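Numbering (our numbering), first residue to last: 177 to 731.
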């Protein structure tokens, strides 16, 4: 029977069978069992040592109304066993999160790094199996020993939970969230590794380290002792399973009441376990889906852009709908200006990170641009490329190899439209709204200029084009405000100069409307000139590639 099961597993998912066969060796299994059992014993022994047998005070003693520890007739402290078991359960849950997310993410990145260094990753790509089948084999098989460590701890985990009077439904809800977060982070680890495939192993090691550090920071920052405010940062908290621990297993009534602010478009996500867990799983599922779209593209064609343009439009729309739900205006607060400013700052930061990421993922490389320009040249040899761009605008919107500047502009429009409506709905002064709308226009201009500069840089002949693009864009963003700061030019005295920097919002606060219009016109002029240069470069690249192709055929 076992032989038949193994045979069926090999037929269903050969990659999973390969990973299990390589990892589930007797020595590895013995070590995993020993680590799991030893870890459980050490955890239990540590908390046993915290019991107040020979002490006059303990955090686990029963307390009177005056918060003094109660004692029995023999003078021994009365122990709050439920609190003690609850503390063990919380730490048990935290260790499970660390093992599954941090260690599991590292294992997947390290495994793909080894596949790349051995040259077997390209061999796996040639498999007739689907991308999902192959990569699911990786997700299930690579951390198989880690799964064994966690599974062996489940009996003790359930016993501790029941001893702490925690319902089984809440325990299962937490594990559902932990599984959802594991799928998301493991998928992100796959994408990180596939994007770095073909680079040196040091890149993969660096990306793995960054991923691990980010996970640790996210979980520590979002996990314990924070206040739930009505702002977009609540979206980030959904990604941390420690948030589920704080909600599902509160340590006090005040902690439970704190979750009343956890709303999405006025819907109380903390109204019940079902709504909280359901929305958390929806969030994990949504972003896991988009990550897998990118993973499938990168797995079969490492030279393709991480996303196609249509996918980027849907991702930006999904992001804005999700994030704005946590920033809906609350007219009950008297300090509306503070709340508006806080929400606007968070929305700006999140959108900046998203759009810079899209610039990095959407803009095609030199070879793809050359192929596209050559195709346009061969298709209409007598027509100028400028005219072809206007005639075939759909290719700029949806085309795989066409320049990505138009797509970035569309994504900016998708992102800005709901934010503008959100600004108009805010209970603040109309003058403030006008200034903020000007800020949105400057933000769009700066992102378009950055995208065009990056696309021009990616047409260089240097092999390190992505590094050059990142460096030049970073210089354009940070150098002007740095120079202004060094020279001591304050935005209060010279707001116009600050309008031409990436810190334009400092200038908007003090500039007149006419100065703002002049600055916007100047930036749009720069953007137009950059795009004219991009068209010239594309036309030149197309003509050069066509001449080489014709010369090869004539030879």
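For each residue, glycine too, the CB sits at the ideal point set by N, CA and C. These figures come from a predicted structure and were not determined experimentally.
Which of the three DSSP states is assigned to residue i in this structure?
{"i": "residue 169", "result": "There is no way to answer for residue 169, as the model of the chain reaches only from 177 to 731."}
{"i": "residue 444", "result": "strand"}
{"i": "residue 640", "result": "coil"}
{"i": "residue 247", "result": "strand"}
{"i": "residue 239", "result": "strand"}
{"i": "residue 541", "result": "coil"}
{"i": "residue 226", "result": "coil"}
{"i": "residue 602", "result": "coil"}
{"i": "residue 381", "result": "Residue placement at residue 381 is flagged as unreliable, the pLDDT there being 49, under the threshold of 50; a coordinate-derived value is accordingly withheld."}
Thinking just about the alpha-carbon of each residue, which of the options is nearest to the one in residue i?
{"i": "residue 189", "options": "306, 268 and 325", "result": "306"}
{"i": "residue 517", "options": "219, 418, 226 and 599", "result": "599"}
{"i": "residue 207", "options": "406, 194 and 320", "result": "320"}
{"i": "residue 226", "options": "454, 256 and 360", "result": "256"}
{"i": "residue 415", "options": "673, 450, 333 and 461", "result": "461"}
{"i": "residue 544", "options": "198, 582, 602 and 481", "result": "481"}
{"i": "residue 677", "options": "691, 655 and 322", "result": "655"}
{"i": "residue 525", "options": "539, 542, 499 and 504", "result": "499"}
{"i": "residue 527", "options": "513, 714, 541 and 492", "result": "492"}
{"i": "residue 483", "options": "700, 583, 664 and 639", "result": "583"}
{"i": "residue 437", "options": "309, 457, 411 and 459", "result": "411"}
{"i": "residue 661", "options": "682, 352 and 590", "result": "682"}
{"i": "residue 538", "options": "479, 494, 351 and 443", "result": "479"}
{"i": "residue 534", "options": "205, 495, 348 and 668", "result": "495"}
{"i": "residue 694", "options": "614, 184 and 339", "result": "614"}
{"i": "residue 443", "options": "224, 502, 593 and 473", "result": "502"}
{"i": "residue 652", "options": "616, 669 and 699", "result": "699"}
{"i": "residue 610", "options": "692, 591, 340 and 571", "result": "692"}
{"i": "residue 313", "options": "405, 334 and 199", "result": "199"}
{"i": "residue 223", "options": "299, 202, 686 and 267", "result": "267"}
{"i": "residue 605", "options": "214, 514 and 703", "result": "514"}
{"i": "residue 322", "options": "205, 342 and 405", "result": "205"}
{"i": "residue 714", "options": "540, 658 and 441", "result": "540"}
{"i": "residue 272", "options": "295, 203, 327 and 669", "result": "327"}
{"i": "residue 473", "options": "601, 659, 308 and 658", "result": "308"}
{"i": "residue 647", "options": "440, 202, 536 and 294", "result": "536"}
{"i": "residue 469", "options": "572, 569, 363 and 512", "result": "363"}
{"i": "residue 512", "options": "218, 703, 612 and 603", "result": "603"}
{"i": "residue 261", "options": "342, 612 and 357", "result": "342"}
Residue i and residue j look like a contact to me (Cβ under 8 Å); what is the Cβ gap, rounded to whole Å?
{"i": "residue 276", "j": "residue 369", "result": "18 Å between Cβ atoms; not a contact."}
{"i": "residue 297", "j": "residue 291", "result": "4 Å"}
{"i": "residue 489", "j": "residue 586", "result": "6 Å"}
{"i": "residue 675", "j": "residue 581", "result": "So it is not a contact: roughly 23 Å between Cβ atoms."}
{"i": "residue 354", "j": "residue 426", "result": "In fact, because the Cβ distance is near 18 Å, the residues do not count as touching under 8 Å."}
{"i": "residue 504", "j": "residue 345", "result": "Residue 504 to residue 345, Cβ: 30 Å. No contact."}
{"i": "residue 664", "j": "residue 574", "result": "At roughly 49 Å, the Cβ-Cβ gap does not stay under 8 Å, so residue 664 and residue 574 are not in contact."}
{"i": "residue 265", "j": "residue 337", "result": "5 Å"}
{"i": "residue 332", "j": "residue 216", "result": "5 Å"}
{"i": "residue 667", "j": "residue 689", "result": "Incorrect: roughly 16 Å between the Cβ atoms, too far for contact."}
{"i": "residue 641", "j": "residue 542", "result": "6 Å"}
Who are the Cβ neighbours of residue i in its own chain at under 7 Å, not counting the five residues just before and after it?
{"i": "residue 522", "result": "407, 408 and 409"}
{"i": "residue 325", "result": "208, 211, 212 and 275"}
{"i": "residue 311", "result": "366, 471 and 475"}
{"i": "residue 423", "result": "435, 446 and 452"}
{"i": "residue 187", "result": "none"}
{"i": "residue 644", "result": "633, 636 and 638"}
{"i": "residue 712", "result": "none"}
{"i": "residue 184", "result": "none"}
{"i": "residue 279", "result": "322"}
Among the residues of its own chain, which have a CB less than 8 Å from the CB of residue i, if the five just before and after it don't count?
{"i": "residue 706", "result": "625, 628, 629 and 632"}
{"i": "residue 360", "result": "415, 460, 463, 464 and 467"}
{"i": "residue 350", "result": "269, 417, 420, 421, 424 and 425"}
{"i": "residue 303", "result": "190, 191 and 310"}
{"i": "residue 617", "result": "696"}
{"i": "residue 300", "result": "191, 291 and 310"}
Can you find the residues in the same chain that come closer than 6 Å, C-beta to C-beta, to residue i, ignoring five residues on each side of it along the sequence?
{"i": "residue 531", "result": "623"}
{"i": "residue 317", "result": "192, 195 and 196"}
{"i": "residue 548", "result": "577 and 578"}
{"i": "residue 421", "result": "269"}
{"i": "residue 456", "result": "353 and 414"}
{"i": "residue 591", "result": "492, 496 and 527"}
{"i": "residue 381", "result": "Because the pLDDT at residue 381 is just 49, under 50, the model does not fix this residue reliably, and the value given afterwards should be weighed accordingly. Here the set comprises nothing."}
{"i": "residue 477", "result": "none"}
Query raised in the report: Residue ranges of each beta strand (DSSP E) run of no fewer than 3 residues wholly in the region 308-341, ordered along the chain?
Result: none
Report task. Report the residue ranges of all alpha helix (DSSP H) runs contained in full by the region 601-682; include only those spanning at least 4 residues, in chain order. Result -> 606-633, 641-662 and 671-675
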